[in-house]
Structure formats: C-alpha cells, structure tokens
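Trainee: Below you'll find the structure I mean.
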Amino acid sequence: MIHEVNTWFAERLSDHGIITSYLEDHHPTHMPCLQVRRLDWTHVAEEARRQDMRMVSLWAAEAGSHDNEALYAYTAFAHPEYRHVLLRTDLNTDDPVLPDISRHYVAAARMERTLQDMFGIRVEGLEDTRRWLKHEHWPEDVHPLRTGFPASTRMGQIEGEYAFLKAEGDGVYEIPVGPVHAGVIEPGHFRFHAVGEDILNMEARLGYVHKGIEKRFEGLTANDGARLAGRISGDSTVAHAWAFAQACENAAYLVVPERAVALRAILCERERIANHIGDIGGVCNDAAFTFMNSQMQRLREEMARVHKDVFGHRLLMDLILPGGVHCDLNGETAMALAENTRALASEVEQLRTIYADHPSIQERVIGSGPVSIEDAKSIGLLGYVGRASGVYADERVEEAYPPYDRLQVRMPQGKFGDVATRVWVRFEEIAESARLICDLLKDIPDGPVITDFVAPEAGISGFNVIEGWRGEIAAWVRFGQNGCIDRYAVRDPSEINWLGLELAVREVPVPDFPLNNKSFNCSYSGNDL
Amino acid sequence: MLELFTKIVKTGNRTEPLGDADNEIEMLGQKLDAAIRRKFKGSLAIREVDAGSCNGCELEIIAMSNCYYDLDRFGVHFVPSPRFADMLLVTGPVARNMEMALKMTYEATPGPKLVVAVGDCAANCGVFGKDNYAIAGAVSDIIPVDVVVYGCPPTPADIIHGILAAVEGEVAATGFQYG
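Protein chains in written order, with my numbering: chain A, 79 to 607; chain B, 273 to 451.
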C-alpha cells in the first residue's frame, strides 16, 4: 500500500529550473502533490504537455480553519507510465489571479471558467471568460465555494444573457434546443448552427443541474459524504462512491479488506455492463432499430432485478462506504451472480451479431461523428470515447489499483472514433467486464467486508482515481476539524468528454445528433455538480 | 434477419400478464388502464422534466417503458413537448438554474396539468438539501403538485402508483373531465 514517493515529474520540472516542494500532508505518495510558484504555473503545464501527460483536473480550495488564510489552485496531470502528479500554487485571497493553461490543455478552459464563477479567481489570459456554472441571472459578486459564503445563502436574480457563439453567412441558421429536451434525459442547452442538413457547429451550454454538490460536502462526515457522492451522477453511483471512499481511505492511510475490494469491483463492473447495455439500446433506438432497444432494455431490467435481489438496490446505490462495502455475498449468491453474468454476456454476444449483420443500423453508425486520434489526444478524451479514438487510457490497466492489479484487464483499442467504434468498444467492454466479474467471483477472498474508518487529522488530503463506466473519475478530498470533510473536488469524465461531442458532430446531419449524443452519453449532473 | 426473428420468438412475451394477483404491476396496471380509459379516453400523455436530478430517477422512468412494465399498453406515453401533455413527471430538487425552465414548462402545459413529483429530491430536496444556494426548492415550492412519489430512486412500480393516484384523484380535485 505504501509506495515510494513519485519524483519523476518533479525531476522533469527541475531540469527546466522550476522549483517544486513536496507536500507532506497529501496522500498517497505515488500520486504526490507538489507546490509550485504561481509564475511557473503555465510553464508547468507546458512541460506536462511536452512529456505527453494528459490534464486530469483543475480545482481550487481555500485553506480550512486548520491553516492560515490562503487560497490554493490545484491541477493534476497523468502520464501513462509515471502516473498522476498534483500541483498546487498559492493565490492572493483578496485578488486571486491564476495564469491560464488552456492554451496547452483545451479541456482546462471550462474548469477555469468554473474557478472564476465559484471562487472569483481571475484567470489571466483566458480567452473565453463567459460564466459557466453561474448562469446569467446570478448576481455578479457571489462566489459559492469561498468559505465566507454560507451554503444557505438566498441570492437575488439579475438580468443577463448568455453570449452564444454567432455564425453568419448564406443559409446558416440556428437551432436552439433545451434545456428541457424531448426525451427522458437530463437538461442542458445545445445551440446548433446548421447549413442545410449539416451541423456547422454545436455549442453546449450546461450548468442547469448545478446543485451545489461540492459546497454540500463541506462539513459532512465520510459516511454521509459517500451517500452524497453516490448521487453525483445516478448512473455511476458505484464508481463515484468508490472514488470518494478511496480518496478518504488514501487520506487516512487505511487499507480496505480484500473482500471489500473485490466486491467493489464486482459492483463497478456490473454497473459498467448495465450502462453500456442501456446505451447501445439507446443508440439503436435513435436510429429506429427498435428491436435492439427492446432487447437491451429488457436485459437492463433483468440486471436491475438481480441487483435488487442480491444487493438490495436496483441501481446499486449506497453500497460503498469509506472502509469497505455495505453488502456481502454467500457461496450460493456468488455462484448465481456468476451464472447470471455469463448468461447475460452470451445474450449480448448474440445480439451483437444481429446488430453487426444489420445494414440499416450499420449505415447510420459507421463513419458518423468521427473524432480523430489527434483531436482526442489533444482534448484528453476519457473512457470508451477516448478508447474509440486512440487514447488508450484505462486506469484499471495503467493505475491497476486493487483488485485490478491481479486481473489483467484487456482494453479494447479503436482508432476510427465514430459512433460505430464507440459502440464496438462498449460491446468489447461488456464481454471483458463479464469475464472480470466471473474471475472475481471464482476466488473472492474471505474475511470482513468493512473496517472502521478513522478520519485523518485536519488538513490531510487524499487523491484517487477510479475507472468508472464513463472513464476516469478523479477525486480529491481534504479533511477538516472533527473528522469532517472540508473540501471535496471531483472531476467526472463528462467534464472533458462533452468537448469531444461538440467536435464529433461537426458536419454531421442534424438528425444524427441524437445518435452521437447517445454514443457519448455524457452526464449533465456529473458535469454541473 | 432470420436470427432477429428467431430471437424475437425465443425471447417470447416478457410483459407480465394482466390479472396476476401476485404481481403488483399488473394489478396496478389494470386500475391505471381503467382510470385512463374513463378520464383520458384511453390515452395519457406525459412530459418528463428533469429539474435537477442526479439522473437516477430518469433511469427508473425509462425502465417503465421496457417490456416488463410496458406502460404503453395502458395508454401512457411520453411526449416531447408540454404543449400536448396531460401530466408532468418532475424529478430532482429544482435547481436554481432550472427554476425558470420548469415554470415555463408548467405554463405551456394545457389543463388538467397534473403534476407528479418523482423521488425524494422532488419531494423534499433529498440529499442536496433545501438550505442550499443552488437549489430553488422542492417541486411543490415552485409549481402546484398533485402527487408525490418517494424513493431514491422510486421503483417503476412506485412511479406507476403515483401516476395512478394523480389520474384517479384528478376529477375530485379539479372537477375536470374529458368526453
């Protein structure tokens, strides 16, 4: 569990004369947090880009009551081999200014806009300074994540308008869609510019389901936090609860019982299968191939019923807690679950041959909404979206956190980046997840499923990544007084993958947008927090 | 193509048959069917509005349309616009950023404008809490609500219960009747 301190990136930076200092109050040591000077901030990002690292996240935190008054900006980068490294810099609390890194990492732009909204941090050099989560009707000078802002504040409304991108020219027209969409999905606004049938540009305007989740975490105990984390995005409840729980455990240097670790992975892989099945059905439905949708939704319902019987919740909510899990399997249920998973996977394989042999659906998905390998790497696309476009990042393989360290996950590698490849990756992942579940169930370690979680002292922070079904979830937690959380910053993969969707649908006919949207299926709630 | 038809035949009819006393959905469905026939000429149009949910409730609402529940057979269908909806199914605590959209959707809905608030968040803001700067309130704080369905998320059967309660209570509450 206790790794050596990872000094790789600190050494790279020192080659360029950038001085860093290692922060002792951050765990785990193989994902170190380095303090850098603010004037080096952009150079650090430049060097990270040169080393082929991807940007993981960007967030800020005020020092809690345990520390002198301070405001910090954090960012994290990941290298395929040398793994994650966090960087921290000091900001002036009265007039916080942070240099922009979006010229090196385009995905940072919206995160920087979020820092502007939530902390009042002015990002120097940021081109697009429009508000992001704080919609136009919010008063100007409120910054909800500053500690001086009480969570229960009732704000007034002001007049304002969001400046969408404009397009001009012969035959260019706009289609505004949302925030309330036509289907049973989450709210968000899409602004299309189209010429004839084809989309010229799509701009997503999100933030509609901003629920103040990060503020809500402040002052919660770790157990209450797990419940809230499970509702960051309901369809990834297992992955988010796991990411949160393990971030807490990393902070507290807690080793979780092996049985609990195996159970977490079983839950996570079942969640992955359920969502992939549902989305493949959704993609086919959007191309009017209703047979496949009916079959897939049937399988998904059967999974939900098994989950209810075996684990007590159809969507697997509230099963993961810091310290372990809140469920167990006996020999009989384990065998039944393995049998169920095997049968499910073989049905999916059978449906896959029908899908592959059907020209009417293949016509629609092949070549639709391609994202090039170059673009995917530049954005740092995650999960199946990245894996369909040559970004072969899978934390189960690269970080190989337990129990995946003993499982050897096989990761599908696509390169065309179109809807068909994204669906293909998902079919492959269903088969692989089923194999993993059966392997885990075959020799599930004996022992307890939970151990006491003792919160670390105030000021200790922990970082962690979990490969949820959408991709890498990055979680950073810091504890404050009385074992309560004083800041939880989490980055759902959707925050990055939304950019991929905007890029993918250029030159795609408007009626194929739903198809593409479903093949990405980014979370709105996970993005808006 | 042969494989497709074979699959359909082999899968058979998974929709749970009517009149099975052991099965809650079917008992419910029968009642719902009768109520919708009586009051909505056999067709109830629902507009779903996510006012800030975590999307868990959406998964269960989508599940109501799968072959096991097959809500369509009782005349219930989801429509893409509030302008021709009889009922709004609203999920989530109402996010501050969705308050206006929810009000506009409600205003665009013609009578009888039934509203079912689905899930603990819609009922009382759930884990996100009312004392939250980003939350405008529970659904009933923003628009009139006929029926509240609790659960995190409620099961498809619970939601069907809620729809039924709203449809049955409709005449008594508003004196409105079709036909």
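Using N, Cα and C, we set each Cβ at its ideal position, and we do this for glycine too.
Under 9 Å, do A/V463 and A/N575 count as touching if we go by C-beta distance?
Mentor: yes
Trainee: Since A/C111 is in the beta strand (DSSP E), which residue starts that stretch and which ends it?
Mentor: C111 to V114
Trainee: Could you pull out every unbroken beta strand (DSSP E) segment of at least 3 residues lying fully inside the stretch 349–394 of chain B, listed in chain order?
Mentor: 359–363 and 386–390
Trainee: For A/A366, does the count of other Cβ atoms within 10 angstroms reach 16, so buried, or fall short, so exposed?
Mentor: exposed
Trainee: If we define contact as Cβ-Cβ less than 9 Å, is B/N338 a contact residue for chain A?
Mentor: With 9 Å as the cut-off, B/N338 counts as an interface residue toward chain A.
Trainee: Can you tell me the Cα-Cα spacing of A/N371 and A/G360, whole angstroms?
Mentor: 6 Å
Trainee: Run down chain B in chain order and give the residues with a C-beta less than 9 Å from the C-beta of A/Q428.
Mentor: E275 and K279
Trainee: How should A/R383 be labelled, buried or exposed, when 16 other C-beta atoms within 10 angstroms of its C-beta is the threshold for buried?
Mentor: exposed
Trainee: Helix, strand or coil, according to DSSP, for B/L274 in the structure here?
Mentor: In this structure, B/L274 counts as helix in the three-state DSSP scheme.
Trainee: Tell me the DSSP bridge mates of A/Y100?
Mentor: A/L112
Trainee: Let me know if A/Y251 comes out buried or exposed under the rule of 16 or more other beta-carbons within 10 Å of its beta-carbon.
Mentor: exposed
Trainee: Of all the residues that make up the stretch 588–602 of chain A, which are near chain B by a beta-carbon distance shorter than 8 Å?
Mentor: S601 and Y602
Trainee: Could you tell me which whole alpha helix (DSSP H) segments of length 4 or greater appear in the stretch 391–441 of chain A?
Mentor: You should have 409–434.
Trainee: Using three-state DSSP, classify A/V83 as helix, strand or coil.
Mentor: Here A/V83 sits in coil by DSSP.
Trainee: Is B/N396 close to chain A, meaning its C-beta is less than 9 Å from at least one C-beta of that chain?
Mentor: no
Trainee: Hey, is A/M133's beta-carbon within less than 9 Å of any beta-carbon in chain B?
Mentor: no
Trainee: Taking a cut of 9 Å between CB atoms, which residues from the stretch 315–343 of chain B lie near chain A?
Mentor: R319, E320, V321, D322, A323, G324, S325, C326, N327, G328, C329, E330, L331, E332, I333, I334, A335, S337, N338, C339, Y340 and Y341
Trainee: Once you ignore the five residues that flank B/A406 on each side, which residues in its own chain have a CB closer than 7 Å to its CB?
Mentor: Once the five neighbours on either side are set aside, the close Cβ partners of B/A406 are A367 and R368.
Trainee: Can you tell me the Cβ-Cβ gap for A/F505 and A/A329, rounded? I've got them flagged as a contact below 8 Å.
Mentor: A/F505 to A/A329, Cβ: 37 Å. No contact.
Trainee: If we define contact as Cβ-Cβ less than 9 Å, is A/E379 a contact residue for chain B?
Mentor: yes
Trainee: How many angstroms separate the CA atom of B/A408 from the CA atom of B/E371?
Mentor: 7 Å
Trainee: Please name the residues in the stretch 289–300 of chain A whose beta-carbon is closer than 8 Å to at least one beta-carbon of chain B, in chain order.
Mentor: K289, G290, I291, K293 and R294
Trainee: With DSSP as the reference, label A/F541 as helix, strand or coil.
Mentor: strand
Trainee: So A/E82 packs on A/T107, CB below 8 Å; how close in whole Å?
Mentor: Indeed, because the Cβ distance is near 7 Å, the residues count as touching under 8 Å.
Trainee: Does DSSP put A/H318 in a helix, in a strand, or in coil?
Mentor: helix
Trainee: Between the C-alpha atoms of A/L243 and A/G390, what's the straight-line distance to the nearest angstrom?
Mentor: 47 Å
Trainee: Does B/P495 come within less than 9 Å of chain A when only Cβ atoms are used?
Mentor: Residue coverage of chain B in this structure runs from 273 to 451, which leaves residue 495 of chain B outside it and unanswerable.
Trainee: Please state the DSSP three-state secondary structure of A/R232.
Mentor: coil
Trainee: Could you name the residues of the same chain whose beta carbon sits closer than 8 Å to that of A/R392, not counting the 5 residues immediately before and after it, in chain order?
Mentor: A382, R383, H385 and K386
Trainee: Give me the Cα-Cα distance between A/C346 and A/Y482, rounded to the nearest whole angstrom.
Mentor: 12 Å
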